[in-house]
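These protein sequences, in sequence, are chains A and B. Take this note's numbering: the last position of the first sequence gets the number 191, and nothing is skipped along the way. Take this note's numbering: the last position of the second sequence gets the number 223, and nothing is skipped along the way. Quick notes on the structure that follows.
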Amino acid sequence: MSKTTTLTLVSDMGLSDTTSTEADRLYDDIVRELGAMGILTENGTKAVTAGTATYTAPTNTIRVLEIHGGYGIIDQMDYAILTNLLGPRFHQRIGRSEMWCHEHETIKDFRLVPSPNESDTFTVLITQYQTNVPSWLEMPIALEVLHREYLRESNHQDVDFAMLCRKLSTMWFSMVGITWHQAKSKAK
Amino acid sequence: MATAASTLITAIRRRVRDENATAHTQAFVRDLLDRSQVAINTTTRSVVSDTTLNTTAGQAIYHVETDLTAAITPERVLWNSQVIDQIEDWRELARMDRSWLVRRGDEIRAWTLIGHNLLVLYPALRVADTVTVRSSKVTAALSADATLLELPEELETLAMDLVTTLLLLRQRDLDMVEEWAGKAAEKMQMWKPVDWKGGALKKGLTPSSR
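As structure tokens, then:
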């Protein structure tokens, strides 16, 4: 179902007090958090070219879970460990890719090590940002948006209402099998 | 016998003192009842559906939302009249077979879920075939007042409690919200999910079962 449906629900439940741009941003934050928790997943393919070591993960990737070549799993390795293991010039190696690491500071680019010596199609399992979450996730997301929206300083701030929204979002998330991680740290 | 949405909505309106529908429109209350019904079924797995999934030769991963009709969570996979074992944590696949995604076989040994979206059949069959997937289902939308709920009757009060909680929240009757949320949570504790699995739920396959 769509992001619009959830934001309409937010507006209906909040009696139109909410700011649409802020609710929109909060929705994105929450869906990214669900993605990071491994709830929203996707599998994509990546065309790998012989001699090219770095690639960008599929669109809307939050976290890469696993990368598979035609021969099996490519292990994830920390950049520093690769340097210790293979020496500082590991990126110059060419052969069958057995490992991958995050490239620079962004997790969306990854480097295959050794650099592939032949072209292939890899499968990339990811957690993903989606705007078409299943319909049964809309209510807990809407309640969580309301919690954050009414907790922040604004002309419609209402801490009691916000905390009850958090309580109910936690309850609804747990009904659909999700332990809402932030509930423990922030709820009163 | 199943109850019509309107009957429950009338009772809910009495609870929140909105008999004349001045605070909440009928369509809005029905939408909340619809969402509550689905959420309850997600946790109780009372209403299920069996979907025949046509598998593709060599394909291990399928999408729950698009490949299975109105499924929330797959509960059981049946192939060749056999209940297939479920692996609890999909990461176990990598521990037992580093080529699990590209492995081909003549029989399905196990299935698992990656997140809520991806269903894995391991190993992928060499030829196209069918499996039957039993899933808790997204109950039919309450599109009109006369539409009957699909939940068993004994769960209808829980659905009413959830809608009551949400309407009181909307009305900013915050003290009452706590009370009704407590009632709903208490009722939810009483319901153990129906076990449809049949097959073993495994941490991972033993080497002999590969």
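Glycine is no exception: its CB is placed at the ideal position from the N, C-alpha and C atoms.
Chain-ordered chain A contacts of residue i [CB-CB under 8 Å]
i: B:Glu78; result: Pro137
i: B:Ala198; result: Met174
Neighbour-count burial assignment, residue i, 16 or more Cβ in a 10 Å radius
i: A:Val67; result: buried
i: A:Glu152; result: buried
i: B:Pro220; result: Only weak support exists for where B:Pro220 lies, its pLDDT of 38 falling under 50; the coordinates are left without a value.
i: A:Asn158; result: exposed
i: B:Asp44; result: buried
i: A:Glu69; result: buried
i: A:Leu171; result: buried
i: A:Leu12; result: buried
i: A:Ser95; result: For clarity, residue 95 of chain A is Gln in the given sequence; the question names Ser instead. Per the 10 Å Cβ criterion, exposed.
i: B:Glu32; result: exposed
i: B:Pro136; result: buried
i: A:Pro137; result: buried
i: B:Thr65; result: exposed
i: A:Thr48; result: exposed
i: B:Gln50; result: buried
i: A:Val162; result: exposed
Beta-ladder partner(s) of residue i, from DSSP
i: B:Tyr75; result: B:Leu132
i: A:Phe164; result: In the DSSP output, where bridge partners are listed per residue, A:Phe164 has none listed.
i: B:Trp92; result: B:Gln95
i: B:Ser62; result: B:Ser148
i: A:Asp123; result: A:Val51
Proximal residues of chain B, C-beta to C-beta of residue i below 7 Å
i: A:Gly41; result: Gly128
i: A:Asp15; result: Phe41
For residue i, three-class secondary structure by DSSP
i: A:Ala50; result: strand
i: B:Leu114; result: coil
i: A:Thr130; result: strand
i: B:Asp98; result: strand
i: A:Ser100; result: coil
i: B:Leu126; result: strand
i: A:Pro143; result: helix
i: B:Leu161; result: strand
i: B:Gln50; result: helix
i: A:Ile70; result: strand
i: A:Asp116; result: Reading the sequence as shown, one finds Val at residue 116 of chain A and not Asp. It is a strand residue.
i: B:Glu199; result: helix
i: B:Asp142; result: strand
i: A:Ile65; result: strand
i: B:Pro220; result: With a pLDDT of 38 at B:Pro220, under the threshold of 50, the predicted position of this residue should be treated as unreliable, though the coordinate-derived value follows. It is helical.
i: B:Thr271; result: Because residue 271 of chain B is not part of the residues shown, which for chain B are 14 to 223, the question remains open.
i: A:Thr57; result: strand
Closer than 8 Å to chain B by CB, residue i
i: A:His71; result: yes
i: A:Asn46; result: yes
i: A:Lys191; result: Here A:Lys191 scores only 35 on pLDDT, less than 50, and its place in the model should not be relied on; the value that follows carries that caveat. For A:Lys191, the answer is no, since every Cβ of chain B falls outside 8 Å of its Cβ.
i: A:Ala186; result: Model confidence at A:Ala186 stands at a pLDDT of 44, short of 50, so the residue's coordinates are unreliable; what they give is reported in the following sentence. Cβ-Cβ to chain B under 8 Å: no for A:Ala186.
i: A:Tyr30; result: no
i: A:Gly75; result: yes
i: A:Ile93; result: In the sequence as presented, Ile is not what sits at residue 93 of chain A; that position holds Phe. So no, A:Phe93 is outside the interface.
i: A:Thr124; result: no
Interface flag, residue i vs chain A, CB-CB below 8 Å
i: B:Ser112; result: yes
i: B:Arg122; result: no
i: B:Ile25; result: no
i: B:Thr56; result: yes
i: B:Pro220; result: Because B:Pro220 carries a pLDDT of 38, less than 50, the predicted location of this residue cannot be relied on, and no value is offered for it.
i: B:Thr178; result: yes
i: B:Leu155; result: no
i: B:Val90; result: no
i: B:Arg183; result: yes
i: B:Val60; result: no
Closer than 7 Å: residue i CB and nearest the ligand MG heavy atom
i: A:Phe125; result: Among the components modelled here there is no ligand, and therefore nothing to report on the ligand MG.
Within chain A, partners of residue i - CB distance below 9 Å
i: B:Met201; result: Met174, Ser177, Met178
i: B:Ile22; result: Per Cβ cutoff of 9 Å: no residues; B:Ile22 is ~16 Å from chain A at best.
i: B:Ala159; result: Ordered by position in chain A, no residue passes the 9 Å Cβ test against B:Ala159, which lies about 22 Å from the chain.
Where residue i meets chain A, residues with beta-carbon distance less than 7 Å
i: B:Val96; result: Chain A residues near B:Val96: none, gap ~22 Å exceeds 7 Å.
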